[in-house]
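Colleague: Once you've had a glance at the structure underneath, I'll fire off some questions.
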Amino acid sequence: MKMDWIKDIDYNKFLDGDLKLLVNTIGIDKFIELYSHFAKTAIYFSEKPLMEMKQEYIRKYFGFKNEKELARMLGVSERLVYKIGSQKVTINNQQDLFND
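In numbering that gives the first Met the number 0, the protein residues as written are 0 to 99.
Below, the structure written as structure tokens:
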């Protein structure tokens, strides 16, 4: 559905809450694109995929980047960084047993 007409009016006076925040964050063009695609649909951003990505990043860079830096950068505790990183070390050591 073509919705470019929205740009021809003062759309800001009709937006509040999350919609206003969304337009301020991504701009009116991307808002129209998202609204056209997801109209009348509730969108929920689950934390699970993001946490899985953080864990993957920790596994990839544990031992190469400072643990404090990883924790700060990803918004997680140092304890979590060590926990995930030590699992990586254990898995790598176990794989080495089978490669010998």
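The beta carbon of each residue, even a glycine, is placed where N, CA and C say it ideally should be.
1) Identify every run of the alpha helix (DSSP H) within the segment 12-41, keeping only runs that are complete inside it and at least 4 residues long; order them along the chain.
2) What's the gap between the Cα of Tyr-34 and the Cα of Ser-85?
3) Just the Cα atoms here: how many angstroms apart are Arg-58 and Lys-47?
4) Report the three-state DSSP secondary structure of Lys-1 (helix, strand or coil).
5) Can you give me the start and stop residues for the alpha helix (DSSP H) that Glu-51 sits inside?
6) Tell whether a beta-carbon distance below 7 Å holds between Glu-55 and Glu-66.
7) I want to know whether the segment 23-34 touches the segment 3-15 - three or more CB-CB distances under 8 Å.
Modeller: A quick look at the data gives this:
1) 16-25, 27-37
2) 43 Å
3) 17 Å
4) coil
5) 47-60
6) no
7) yes
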